[in-house]
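Q:
2 protein chains.
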Amino acid sequence: MKATDVTQKSSSISRQLFDKMLQRIHTGQWPVGKSIPGERVLMTEFGVSRISVRETLSMLRALGILDTSHGRRSVVRKMNAEIVGRLFPLLLTLEGEQTYEHVFEVRLAIESRTAYMAALNRSQDDVAELSQLLELLRKQTQETLEDSVKTDLRFHIRIAQATGNPIFPLLLDALGGFVTYVQELSCRGNPDRRTRAMQYHEAIFEAIRDQDAEHARGEMESHLRSSAGRFLSEGLIKAARATPLTG
Amino acid sequence: MKATDVTQKSSSISRQLFDKMLQRIHTGQWPVGKSIPGERVLMTEFGVSRISVRETLSMLRALGILDTSHGRRSVVRKMNAEIVGRLFPLLLTLEGEQTYEHVFEVRLAIESRTAYMAALNRSQDDVAELSQLLELLRKQTQETLEDSVKTDLRFHIRIAQATGNPIFPLLLDALGGFVTYVQELSCRGNPDRRTRAMQYHEAIFEAIRDQDAEHARGEMESHLRSSAGRFLSEGLIKAARATPLTG
DNA sequence: GTGGCATAACTGGTAAGTCCAGTAAAAGTT
DNA sequence: AACTTTTACTGGACTTACCAGTTATGCCAC
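Protein chains in written order, with the numbering used here: chain A, 15 to 261; chain B, 15 to 261.
1. Within 10 Å of its beta-carbon, does B:H40 have 16 or more other beta-carbons around it, so buried, or fewer, so exposed?
2. Cβ closer than 7 Å: which chain B residues qualify as neighbours of A:R127?
3. Have a look at A:M73 and B:T70 and give me their C-alpha separation to the nearest angstrom.
4. What do you reckon, are the CB atoms on B:D140 and B:A188 nearer than 9 Å?
5. Can you pull the chain B neighbours of A:I50, defined as C-beta to C-beta under 9 Å?
6. Helix, strand or coil: how does DSSP classify A:L148 here?
7. Give the range of the alpha helix (DSSP H) segment to which A:E160 is assigned.
8. So with Cβ pairs under 9 Å, would you call A:H229 a contact of chain B?
9. Could you check whether the Cβ of B:R68 sits closer than 9 Å to any Cβ belonging to chain A?
10. Quick one: does B:E115 have its CB under 9 Å from some CB of chain A?
11. Scan the region 53-102 of chain B and note each continuous beta strand (DSSP E) run of 3 residues or more that stays entirely inside, going in chain order.
12. Hey, out of B:M234, B:R223, B:V90, whose CA is closest to B:R136's CA?
13. In whole angstroms, what separates the C-alpha of A:E233 from that of B:K164?
14. Is any beta-carbon of chain A found at less than 9 Å from that of B:L185?
15. If you follow the alpha helix (DSSP H) that B:R136 is in, where does it begin and where does it stop?
16. Looking at chain A, is there any beta carbon in it that lies within less than 9 Å of the beta carbon of B:H170?
17. Going by C-alpha to C-alpha distance, which of B:S162, B:G178, B:F118, B:S63 sits closest to B:A133?
18. According to DSSP, is A:S25 part of a helix, a strand, or is it coil?
19. Look at the alpha carbon of B:I2 and the alpha carbon of A:V117, and state the distance between them as a whole number of angstroms.
20. So, A:S49 versus A:S88, is the Cβ gap smaller than 9 Å?
21. So A:R231 and A:S126 are in contact, right, with Cβ under 8 Å, and what is the actual spacing, rounded?
22. Identify the contact partners of B:F182 in chain A, using a Cβ-Cβ distance below 9 Å as the criterion.
23. Are there 16 or more other CB atoms within 10 angstroms of the CB of A:T128, so buried, or fewer, so exposed?
24. From B:R152, B:V193, B:R64, pick the residue whose C-alpha is nearest to that of B:L238; which is it?
25. Say whether chain B places a C-beta atom closer than 9 Å to the C-beta of A:S177.
26. What in chain A is Cβ-close to B:S28, meaning under 7 Å?
27. How should B:R68 be labelled, buried or exposed, when 16 other C-beta atoms within 10 angstroms of its C-beta is the threshold for buried?
28. Closest by CA to A:S240, which one among A:L184, A:L122, A:L167, A:L186?
29. Is A:M131 close to chain B, meaning its C-beta is less than 9 Å from at least one C-beta of that chain?
30. Since B:H84 meets chain A, which of its residues come closer than 8 Å, beta carbon to beta carbon?
31. Do you know whose CA, among A:R54, A:V120, A:I65, A:L80, lies nearest A:W44's CA?
32. Given that a residue counts as buried once 16 or more other Cβ atoms are within 10 Å of its Cβ, and exposed if not, what is A:G78?
33. Should A:E228 and A:Y130 be called a contact, given that it needs their Cβ atoms to be closer than 9 Å?
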């Protein structure tokens, strides 16, 4: 019942081939980073037509498992969590109905922990880069709005990176497209808001730098909640349920 | 550059077609649940060969966006998180065992909040359904392992639904397909673990029912931490890696 | 009329052959 | 030895054809 497999009833050849090729990658017969045999070779090797081979390769390509370009042989992609992140925008858009409020709630859930974990796990490099981003942000706060919003997101993602868990920056990046859009709407015409957000950013940075995990989380939550709260109070988001974001 | 394109340089026809078809789904020109035109129609409509059409459809099929079966027209699937969930086993084999730990960390971030929010927002229906699931889980704890693991996940997802934010169950579902797999390995041969998990579930349920948000979050965190700790400390990860993903 | 059944008109799945256009390595030239 | 040209790959795309499920059509018996 649960369609957990792309391959369903193992009916069509291309679906079967999909499993076989996937297995070759799993077993290491087709090592990551190296190129697989050409399509003409594959069709004789598996005893199928080139159509079936190409359709199977299309599937693997769509999933980001293969890297194909004209004239060169397909290469098994370094499969990182990145591809999951690439699918999230698809999910979100296709599911529809997601309001920005929902995204903010998820962001709150994720980032309150990334701030916490980052404070515990951050390296010297993390601190240095965050410091740079903060300075850049400080400049841009008085200049271009679009740039500052982008840097803002980069700052948050950089914190997620500092956790050491690659899935966190991934999720954040996936949600980012939504966030930046709303953020621009919010700050347009209200420069003081940007300075207020700037203060939060500095507080978060200092807490992470000083490895004060609890404080980092608290500041992050306040920061996000004030952002979300602003949007909610202004009808920029389909507000609806009065969800207590208190934590 | 933007993480939204699975289609890279958009050079080849099939990649372009992919974007176009995806757009038709987004705009609602191809409504979810309904069937799209036949391949012969599509090739004239887009002015390409059937090869290109079929390769594009293969991509959409691989992502779980289309549901295709022989003799019938392809149907636009209600996009769910399965697609992402399917990729996690693959992720793990290609990226290494740390991924398990990473997934649990993300789960912890998300579920500690879903428990909290569910306690605040839960409706009577939520309580009723959770109660049912709990009872079902109680029975299955002494019976089939596979079923109980599935019900376990349903229980967690149901909590995420009770938050009112549709993204939470989505994320959980995506992570879940991956988690259940490991969970089975963990509990196999250790029935007492299942009873211990059962106690946690009951505590979480009661807290949500009584709208004790802080308590709900605490129990959830304890529950997940104990689970994650078990997996990580017992080398179940390597065992999982050695097992092929296709059922 | 209506029910059941064979047929025809769809649908997707697969195959073989052909050609084009990039890429990279082999062969030639300087 | 360094550069350029050729050649033998590679994937990308098209056409035609046929097979195999599915569904709608329509006929015939009741």
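Note that beta-carbon positions come from the ideal geometry of N, C-alpha and C, so glycine has one too.
A: The answer reads as follows:
1. exposed
2. A123
3. 9 Å
4. No, these two residues do not count as a Cβ contact at 9 Å.
5. Going along chain B, no residue has its Cβ under 9 Å from A:I50, so there is no contact; the nearest lies around 14 Å.
6. helix
7. 159-176
8. no
9. yes
10. yes
11. Here no run is fully enclosed.
12. B:R223
13. 37 Å
14. yes
15. Membership of B:R136 in any alpha helix (DSSP H) is not indicated, and neither H nor E is assigned to it by DSSP.
16. no
17. B:G178
18. Correct three-state label for A:S25: coil.
19. Outside the modelled stretch of chain B, which goes from 15 to 261, sits residue 2 of chain B, for which no answer is possible.
20. yes
21. The Cβ separation is near 5 Å, so the contact holds.
22. Chain order gives the chain A residues near B:F182 as H116, E119, V120, A123, where near means a beta carbon separation below 9 Å.
23. buried
24. B:V193
25. Here the sequence assigns Thr to residue 177 of chain A, which means Ser is not the residue at that position. Cβ-Cβ to chain B under 9 Å: yes for A:T177.
26. Against chain A, the beta carbon of B:S28 has neighbours under 7 Å at S72, listed in chain order.
27. buried
28. A:L122
29. Under the 9 Å criterion on CB atoms, A:M131 is classed as interfacial with respect to chain B.
30. S25, S26
31. When A:R54, A:V120, A:I65, A:L80 are compared, the shortest CA-CA separation from A:W44 is found for A:L80.
32. buried
33. Closer than 9 Å, so yes.
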